[in-house]
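Accompanying notes for the structure given below.
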Amino acid sequence: MTAAEMESVESFRARAGSWLKANMPPAPAHIDATRREWDRARELQRRLYDGGFAGICFPKEYGGLGLTPAHQRAFSDESLSYDMPLEFNVPTLAVCAPTILDMGTEEQKRRHIHAALRGDEFLAQFLSEPRGGSDLAGLTTKAVLDGDRWILNGAKIWSSGAYAASYALCLARTNWEVAKHRGLTMFLVPTDAEGLTIQQIKQADGTIEFCQEFFDDVVLPADAVVGQVDGGWDVASRQLVHERSAVGGASPYASGAQIHSGGDISRLVALARRTGQMDDIRVREDIGEARAMSLVLDEVIARITGAIGSGSMPPPAGSIIRLLSAENSWLQADMAVRISGSNGATEGIADEGEPGWIGRDYLHRQAWSLAGGSTEMARNIISERVLGMPREFAADRDVPFNQVKHGR
Ligand SMILES: Cc1cc2nc3c(=O)[nH]c(=O)nc-3n(C[C@H](O)[C@H](O)[C@H](O)COP(=O)(O)OP(=O)(O)OC[C@H]3O[C@@H](n4cnc5c(N)ncnc54)[C@H](O)[C@@H]3O)c2cc1C
Numbered sequence: 029m030t031a032a033e034m035e036s037v038e039s040f041r042a043r044a045g046s047w048l049k050a051n052m053p054p055a056p057a058h059i060d061a062t063r064r065e066w067d068r069a070r071e072l073q074r075r076l077y078d079g080g081f082a083g084i085c086f087p088k089e090y091g092g093l094g095l096t097p098a099h100q101r102a103f104s105d106e107s108l109s110y111d112m113p114l115e116f117n118v119p120t121l122a123v124c125a126p127t128i129l130d131m132g133t134e135e136q137k138r139r140h141i142h143a144a145l146r147g148d149e150f151l152a153q154f155l156s157e158p159r160g161g162s163d164l165a166g167l168t169t170k171a172v173l174d175g176d177r178w179i180l181n182g183a184k185i186w187s188s189g190a191y192a193a194s195y196a197l198c199l200a201r202t203n204w205e206v207a208k209h210r211g212l213t214m215f216l217v218p219t220d221a222e223g224l225t226i227q228q229i230k231q232a233d234g235t236i237e238f239c240q241e242f243f244d245d246v247v248l249p250a251d252a253v254v255g256q257v258d259g260g261w262d263v264a265s266r267q268l269v270h271e272r273s274a275v276g277g278a279s280p281y282a283s284g285a286q287i288h289s290g291g292d293i294s295r296l297v298a299l300a301r302r303t304g305q306m307d308d309i310r311v312r313e314d315i316g317e318a319r320a321m322s323l324v325l326d327e328v329i330a331r332i333t334g335a336i337g338s339g340s341m342p343p344p345a346g347s348i349i350r351l352l353s354a355e356n357s358w359l360q361a362d363m364a365v366r367i368s369g370s371n372g373a374t375e376g377i378a379d380e381g382e383p384g385w386i387g388r389d390y391l392h393r394q395a396w397s398l399a400g401g402s403t404e405m406a407r408n409i410i411s412e413r414v415l416g417m418p419r420e421f422a423a424d425r426d427v428p429f430n431q432v433k434h435g436r
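First residue of the sequence shown? That's 29 in our numbering, and the numbers climb one at a time after it.
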């Protein structure tokens, strides 16, 4: 589609606004963060698809609209007050589907991107392992070629929403005789495969979102490989770029939103009002700081996304957005606790909005420094791959993986 043939952003915004009003339910007043409504999300995603508003930045041949990030941002703005299938955003639409789009076979793209956009298929990520997620290339889940099929053995952990997914992108070691980054292969694994056990993990904040998986001789066909055999690091690298962009709220592939990406400070304002602290100078300063941070984050997202798009900054610059958005989430969670005081630990204080959100956000805030790669790793990436500073020492660099010393 040429730029001249493409619908203008303003016309698309107006059309999306009226369609959303006529077809999508209003956003719920209470969001129960401990429960994901997967079937509801499937139904809502299907409505978007049938209405011609799914996959705004995905190519038409895979079920999307082939439009630009500006169209997607306009749609997200319009969607703020509606109930949206946000469960599809991360990792299905914003991380896994774009990775398949970048690196998958034609068959994988047609099959899985379309299924996700239609609301038929959630996708998960099997990357992190019990021995640690930061050193992703050091993973030890292994796939061995047996004739024309692969046999997968090992364990993964912290897989968001895997229990609801149909397939997962799973990184496994296929070659132990080369350095760690060069012996990995990415597979598309059906979650109902024989020999695959998925267990949900209950967190301190009450969520059961994370899963751990055990692979016992799981058989995969040759066409389960995404990208090249032993070329899995290239696929994972694309996946991590999409993930950082998604975690920072900058993905063009997410579908709709319920709060502005920089964070919604209206909850802090409502909290200050309800607790009679709107005139307290300390509280006003806190809210001002949160507002300033959310504006800065929005500007940073726009600037860095644009710079990566035009090639003036390298894709790892997405880590700057990832880092700042974690700091923004921390700032807001901590401020809510400061404003509410010890009452924040109870259910009652916020009962006009989402019950218990202050305590739960506080317990959950650590997650924003880990999801999509930790903030320490983001700092490493920014220093090494954006600023060009010397790489950190790694004893296993260029050493065949079967000669690398491992702790027991
Ligand atoms: C909300 C959420 C969703 C997630 N979803 C998924 C998912 O769907 N699929 C999946 O596979 N994983 C998922 N993860 C796991 C996530 O990718 C890992 O938590 C993350 O990569 C860190 O790995 P780890 O927790 O094993 O910590 P470790 O790697 O053990 O690190 C522990 C600490 O050491 C620091 N550290 C480690 N190495 C270095 C270094 N070289 N320099 C400086 N500091 C270092 C880390 O920053 C961290 O603070 C999710 C995590 C969260 C919180």
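For every residue, glycine included, the Cβ atom is placed at its ideal position computed from N, Cα and C.
Euclidean distance between Cα positions of residue i and residue j
i	j	result
Cys-85	Pro-113	17 Å
Leu-359	Phe-81	34 Å
Glu-121	Gln-136	The question names Glu, but residue 121 is Leu in the sequence shown. Going from the Cα of Leu-121 to the Cα of Gln-136 covers about 14 Å.
Pro-249	Ile-315	55 Å
Gly-45	Phe-103	8 Å
Gly-92	Trp-47	17 Å
Gly-339	His-270	16 Å
Leu-145	Gly-387	34 Å
Ser-36	Arg-350	30 Å
His-140	Ala-298	42 Å
Met-363	Val-311	9 Å
Pro-418	Glu-412	6 Å
Ile-377	Ala-42	Its pLDDT being 48, under 50, Ile-377 is placed unreliably in this model, and the value from its coordinates should be taken loosely. Distance between the alpha carbons of Ile-377 and Ala-42: 38 Å.
Trp-385	Ile-410	32 Å
Pro-56	Ala-200	40 Å
His-392	Met-29	43 Å
Phe-159	Asp-424	Looking at the sequence itself, residue 159 is Arg, so the reference to Phe does not match. About 16 Å.
Ala-278	Thr-333	7 Å
Gln-100	Gly-304	39 Å
Glu-317	Leu-296	11 Å
Val-432	Leu-167	12 Å
Lys-88	Ala-98	17 Å
Trp-204	Arg-68	44 Å
Glu-420	Met-131	29 Å
Val-257	Leu-76	36 Å
Check whether residue i and residue j have beta carbons under 8 Å apart
i	j	result
Gly-211	Phe-429	yes
Gly-276	Ile-329	yes
Arg-70	Gly-147	yes
Cys-239	Val-217	no
Gly-372	Ser-107	no
Gly-400	Arg-272	yes
Val-263	Pro-344	no
Ala-21	Ala-152	Lying before the first or after the last residue shown, residue 21 is absent from the chain, which here runs from 29 to 436.
Asp-111	Pro-53	yes
Ala-143	Trp-261	no
Trp-396	Ser-347	no
Glu-157	Ile-179	no
Phe-150	Glu-241	no
Ala-252	Thr-219	no
Ile-460	Ser-322	Residue 460 lies beyond the stretch modelled for the chain, which goes from 29 to 436, so this question has no answer here.
Leu-398	Ser-353	no
Buried versus exposed, by CB contacts within 10 Å (16 or more), residue i
i	result
Gly-369	exposed
Arg-301	exposed
Lys-208	buried
Met-405	buried
Ala-171	buried
Val-123	buried
Ser-109	exposed
Val-247	exposed
Asp-389	buried
Gln-73	buried
Ser-289	Only weak support is given to the placement of Ser-289: the predicted model assigns it a pLDDT of 46, under 50, and the question is left unresolved by the model.
Residue i - partner residues in DSSP beta bridges
i	result
Val-324	Beta-bridge pairing links Val-324 to no other residue.
Arg-210	Its beta-bridge partners do not exist; DSSP assigns none.
Trp-178	Leu-173, Leu-248
Gln-153	Leu-197
Ile-348	Answer is none; Ile-348 lacks a bridge partner.
Ser-187	Cys-239
Leu-145	DSSP lists no partner for Leu-145.
Val-254	Met-214
Tyr-110	Pro-54
Ile-226	Glu-241
Gly-166	According to DSSP, which records beta bridges pairwise, Gly-166 is partnered with nothing at all.
Ala-428	Position check: residue 428 holds Pro in this sequence, whereas Ala was assumed. Answer by DSSP bridge pairing, in chain order: Ala-207.
Gly-160	Glu-157
Gly-259	Leu-212
Jot down the residue ranges of each uninterrupted alpha helix (DSSP H) in the region 36-105, minimum 4 residues, whole runs only, in chain order. 37-51, 66-78
**Message:** Suppose only complete runs of 4+ residues qualify. What are the alpha helix (DSSP H) ranges in the region 347-423, listed by chain order?
**Reply:** For the region 347-423, whole alpha helix (DSSP H) runs of length 4 or above, ordered along the chain, are 385-392, 403-409.
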